[in-house]
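Trainee: Position 140 of the sequence shown, counted from 1, bears residue number 140 in full-length UniProt numbering, the numbering being contiguous throughout. Built from N, CA and C at the ideal position, the CB exists for glycine as well.
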Amino acid sequence: MLTYIAGSGAMGCRFGYQLFKAGKEVILLDKWEDHIKAIQKDGLKIVGDHEDCVHIPIMRPEEATQKADFIVLFTKAMQLETMLQSLKGIITDKTKVLCLLNGLGHEDVIKKYIPEKNILMGVTVWTAGLKGPGTALLTATGSVNLQSIDQSGEKEAMVFVDLLNEAGLKVTYDEDVVPSIWRKACVNGTMNSTCALLDCTIGEFFASEEALRVVDTIIHEFVMVGEATGVKLDEQAIKDYVMHTSVVAAGHYPSMHQDLVQNHRLTEIDYINGAVAKKGDSLGIPTPYCHMITDLVHAKEHVLKIQ
Ligand code: NAD
1 MLTYIAGSGA
11 MGCRFGYQLF
21 KAGKEVILLD
31 KWEDHIKAIQ
41 KDGLKIVGDH
51 EDCVHIPIMR
61 PEEATQKADF
71 IVLFTKAMQL
81 ETMLQSLKGI
91 ITDKTKVLCL
101 LNGLGHEDVI
111 KKYIPEKNIL
121 MGVTVWTAGL
131 KGPGTALLTA
141 TGSVNLQSID
151 QSGEKEAMVF
161 VDLLNEAGLK
171 VTYDEDVVPS
181 IWRKACVNGT
191 MNSTCALLDC
201 TIGEFFASEE
211 ALRVVDTIIH
221 EFVMVGEATG
231 VKLDEQAIKD
241 YVMHTSVVAA
251 GHYPSMHQDL
261 VQNHRLTEID
271 YINGAVAKKG
281 DSLGIPTPYC
291 HMITDLVHAK
301 EHVLKIQ
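Listed below in structure tokens is the structure:
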């Protein structure tokens, strides 16, 4: 049973490492030359909660020749389609593909390349970072919720739930994963963009009444648009979850802050607030806060000359 990790940055290294340590056949795919060379030469180094080094195979997607049983996608959202195009040679009509990217709408992209019965969509609260090429920072614990988007793929999906669980990834098959995907998008949509724009931690942002009004309004826009697309969302429960997360993660800079402010990298904003604004437009639902946040993040990318 061969698993490819398609996009072996921070999260891809976590999943690849855990599968490899559990004795599973796994190949990392990436295009970052220094990262590939470092892992090929010295192995994938793990730091954080524990230290380790594993000699795990890694290559560019176009170098992969063995057909895939399972592919775990872990690019950034805006890199997904290019990655899928480069995987054509290893995908068969039996290859299952799991997407755990943050954000909304990825299934529409994946459906262009993979039959629906083979697509697993999900959400994860595992985290990971990179300390540099070849070194992953793994701390804390997490879990995964996933679902086959087509009922006919459910039974086969359980094989991959078991595979990931044997690697300690704490996976649950979820009969209705879409609300959880939207709930996580709400967390990202209220914290990532705002903390990146204001250059502050989650706790610093959530400390004012004005910020909480912004948070409430963004959540309301997500809920209005989500419900109009048929996703059942409990607005109060989402608010409670966001507030709880803001306390637990108070000292953290969210990943969009790391991308935009710290590393001057493009953000996933078009797949978070931007996705809600776009969907809202198509449904005639006003989403002025999501529109403005998306425009401001792009404006900041422009100010910082990020391409
Ligand atoms: P990352 O930038 O560290 O990793 C993405 C990797 O994909 C990079 O190494 C990049 O070189 C590679 N890549 C991109 N396009 C490629 C292509 N066409 N061919 C080959 N390689 C390609 O990102 P990440 O932090 O691992 O996040 C991945 C996804 O998981 C994002 O959607 C993110 O929001 C989500 N996520 C991240 C975390 C976290 O803690 N880092 C937690 C939960 C969810």
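I'd like to confirm something about residue 130: is its beta-carbon nearer than 8 Å to some heavy atom of the ligand NAD, or not?
Mentor: Under cutoff, so the answer is yes.
Trainee: Got a sec: does the ligand NAD put a non-hydrogen atom nearer than 8 Å to the Cβ of residue 273?
Mentor: Answer for residue 273: no, Cβ out of range of the ligand NAD.
Trainee: Is it true that the CB of residue 86 sits closer than 9 Å to the CB of residue 324?
Mentor: The question about residue 324 has no answer, for the chain in this structure spans 1 to 307.
Trainee: What are the boundary residues of the beta strand (DSSP E) that residue 99 is part of?
Mentor: Residue 99 -> beta strand (DSSP E) spans 96-99.
Trainee: Taking contact to mean 3 or more Cβ pairs, one atom from each stretch, closer than 8 Å, check whether the stretch 91-98 and the stretch 153-161 are in contact.
Mentor: Yes: at least three Cβ pairs fall under 8 Å.
Trainee: Flag this pair as yes or no: are the beta carbons of residue 39 and residue 2 separated by less than 9 Å?
Mentor: No; because the gap between Cβ atoms is not below 9 Å, this pair is not in contact.
Trainee: Might you give, ordered along the chain, the residues of its own chain that have their beta carbon closer than 8 Å to the beta carbon of residue 242, omitting 5 neighbours on each side?
Mentor: 186, 187, 190, 191, 215 and 219, listed in sequence order.
Trainee: Quick check on this structure: which residue in 154, 240 and 269 has the alpha carbon closest to the alpha carbon of residue 296?
Mentor: Residue 296 has its Cα closest to that of 269, out of 154, 240 and 269.
Trainee: Could you spell out the range, first to last residue, of the alpha helix (DSSP H) harbouring residue 180?
Mentor: Here the alpha helix (DSSP H) through residue 180 covers 178-198.
Trainee: Examine the Cβ distances between the stretch 47-56 and the stretch 196-215 and report whether three or more of them are shorter than 8 Å.
Mentor: The stretch 47-56 is not in contact with the stretch 196-215.
Trainee: First and last residue of the beta strand (DSSP E) that includes residue 277?
Mentor: Residue 277 -> not in any beta strand (DSSP E); alpha helix (DSSP H) instead, spanning 273-283.
Trainee: Does DSSP classify residue 249 as helix, strand or coil?
Mentor: Residue state, collapsed to three classes: coil.
Trainee: For a test of your reading of the model: does the CB of residue 268 fall under 8 Å from any non-hydrogen atom of the ligand NAD? Yes or no.
Mentor: Yes, the beta carbon of residue 268 sits closer than 8 Å to at least one heavy atom of the ligand NAD.
Trainee: Tell me where the alpha helix (DSSP H) around residue 40 begins and ends.
Mentor: Taken as a continuous stretch (DSSP letters only), the alpha helix (DSSP H) holding residue 40 covers 33-42.
Trainee: On a CA-only basis, which of 4, 46 and 34 is nearest residue 65? Give me that one, please.
Mentor: Of the candidates 4, 46 and 34, the one whose C-alpha sits nearest the C-alpha of residue 65 is 4.
Trainee: Going along the chain, which residues of its own chain have a beta-carbon closer than 7 Å to the beta-carbon of residue 14, five neighbours each way excluded?
Mentor: Same-chain partners within the cutoff: 126, 128, 136 and 138.
Trainee: Measure the C-alpha to C-alpha separation of residue 156 and residue 131 and round it to an integer number of angstroms.
Mentor: Their Cα atoms are separated by approximately 36 Å.
Trainee: Shorter than 8 Å, the distance from the beta carbon of residue 12 to the closest heavy atom of the ligand NAD, or not?
Mentor: Yes - the ligand NAD has a heavy atom lying nearer than 8 Å to the Cβ of residue 12.
Trainee: How far does the alpha helix (DSSP H) with residue 86 in it extend, from its first residue to its last?
Mentor: Counting along the chain, the alpha helix (DSSP H) containing residue 86 begins and ends at 80-86.
Trainee: Have a look at residue 293 and residue 24 and give me their C-alpha separation to the nearest angstrom.
Mentor: Looking at the two C-alpha atoms, the distance is approximately 42 Å.
Trainee: Measuring from the CB of residue 297, is there a heavy atom of the ligand NAD at a distance below 8 Å?
Mentor: No, since every heavy atom of the ligand NAD falls outside the 8 Å radius drawn around the Cβ of residue 297.
Trainee: Closest by CA to residue 245, which one among 258, 282 and 205?
Mentor: The shortest C-alpha separation from residue 245 is found at 205.
Trainee: Please say whether residue 22 and residue 71 have beta carbons closer to each other than 9 Å?
Mentor: Contact: no.
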